[in-house]
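Residue numbers (the working numbering): 301 to 564.
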Amino acid sequence: MSADTVSAGPLWAAMYHSITDSAADPYQVTVSPARLDRQLRWMRRHGLTGVSMERLLLARARGSAAGLVGLTFDDGYVDFLTNAVPLLRRYEFTATVYVLPGRLGGTNEWDRPGPSKPLLTEDGIREAAAAGMEVGSHGLRHTDLTEADDALLREETRGSREALNAITGGEVTGFCYPYGTVDERAMTAVREAGYRYAVGISPGPLTGLFALPRVHIGQEDTAPRLFLKRALHGRRREPVPYAAYAPYVDTPAVEAAAQEGSAS
């Protein structure tokens with residue numbers, strides 16, 4: 301396998317946000333716990349295993365990502381911990397939660413108008429990590445990086461990673477672009493900040509290890525819609541060369557982590 305290209309087709313990654321019962325959802329970013337339960341059950345029934353993005357990329361680097369689904373939850377809502385984590389553990393899945401260390405214990409102020417939802421505190425982030433979930437950065441304050449000046453761009457990328465490294469006591473490797481907006485300048489800042497990968501939504505020609513596409517999953521996604529989304533994802537996205545997920549490949553610890561992710 302080349303150290304520079306791993307191109308076995310598009311990665312399958314699902315994008316969630318808030319997991320709660322809510323009548324008000326103007327941005328279509330809320331999934332009820334009951335619906336999430338059915339969606340995870342559908343995945344399990346179809347031989348799919350939900351894993352964090354880091355585990356998905358590690359498995360991809362080993363050539364063993366078949367049957368794995370990257371599960372991601374943006375914004376770091378408290379309901380990820382209270383509602384999503386118990387369901388993920390029920391199905392023996394893991395996931396990645398992208399959090400905002402500049403808004404610890406705050407609310408989703410960027411979603412006005414819309415329902416106010418509490419965000420994770422430091423303790424909540426540590427609890428999610430202790431439950432086996434990957435913690436990634438969503439920037440400091442949910443800022444559109446394509447509109448940030450150089451100083452703010454460094455703060456949102458490097459500053460947020462340093463803050464999360466201190467909170468988790470580990471190394472945060474993943475970044476999620478707020479609003480899904482990404483350009484070459486933002487990608488460079490993320491790479492230089494020390495992240496190993498980044499996710500967006502539909503990055504088009506920028507697609508690669510630092511602009512990974514994801515599929516939005518919502519409240520209306522029943523079993524037939526999930527089936528179609530999975531099928532169309534592979535057809536709509538041309539296989540592209542993803543850089544290998546270095547420097548983790550071929551180390552004993554990473555090999556064990558990849559095997560655990562594939563078997564979970």
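All C-beta atoms, glycine included, are put in the ideal place defined by N, C-alpha and C.
Just the Cα atoms here: how many angstroms apart are residue i and residue j?
i, j, result
"residue 326", "residue 406", "20 Å"
"residue 402", "residue 477", "15 Å"
"residue 479", "residue 358", "26 Å"
"residue 519", "residue 414", "17 Å"
"residue 538", "residue 408", "Residue placement at residue 538 is flagged as unreliable, the pLDDT there being 49, under the threshold of 50; the coordinate-derived value follows with that caveat. Roughly 34 Å separates the two Cα atoms."
"residue 461", "residue 493", "8 Å"
"residue 507", "residue 487", "11 Å"
"residue 451", "residue 362", "37 Å"
"residue 316", "residue 373", "5 Å"
"residue 417", "residue 321", "12 Å"
"residue 564", "residue 424", "Confidence is the limiting factor: at residue 564 the pLDDT is only 41, short of 50, which leaves the residue's position unreliable, though a coordinate-based value still follows. About 23 Å."
"residue 314", "residue 449", "30 Å"
Measure the beta-carbon distance from residue i to residue j and round it to whole angstroms, keeping in mind my assumption that it falls under 8 Å.
i, j, result
"residue 495", "residue 522", "That belief does not hold up - the Cβ atoms of residue 495 and residue 522 are roughly 35 Å apart, past 8 Å."
"residue 376", "residue 420", "5 Å"
"residue 404", "residue 422", "6 Å"
"residue 439", "residue 400", "7 Å"
Can you tell me where the beta strand (DSSP E) with residue i in it begins and where it stops?
i, result
"residue 374", "368-374"
"residue 498", "497-499"
Closest to residue i by C-alpha separation, out of the options, would be which residue?
i, options, result
"residue 370", "311, 404 and 337", "311"
"residue 331", "383, 527 and 343", "383"
"residue 341", "354, 364 and 393", "393"
"residue 387", "504, 319, 515 and 482", "319"
"residue 514", "344, 328 and 500", "500"
"residue 512", "389, 390 and 481", "481"
On the DSSP bridge list, what partners appear for residue i?
i, result
"residue 315", "372 and 516"
"residue 299", "Missing from the structure shown is residue 299; the chain here goes from 301 to 564 and no further."
"residue 330", "318"
"residue 508", "511"
"residue 468", "None; residue 468 has no bridge partner."
"residue 478", "Bridge partners of residue 478: none, in fact."
"residue 406", "Residue 406 is not bridged to any residue."
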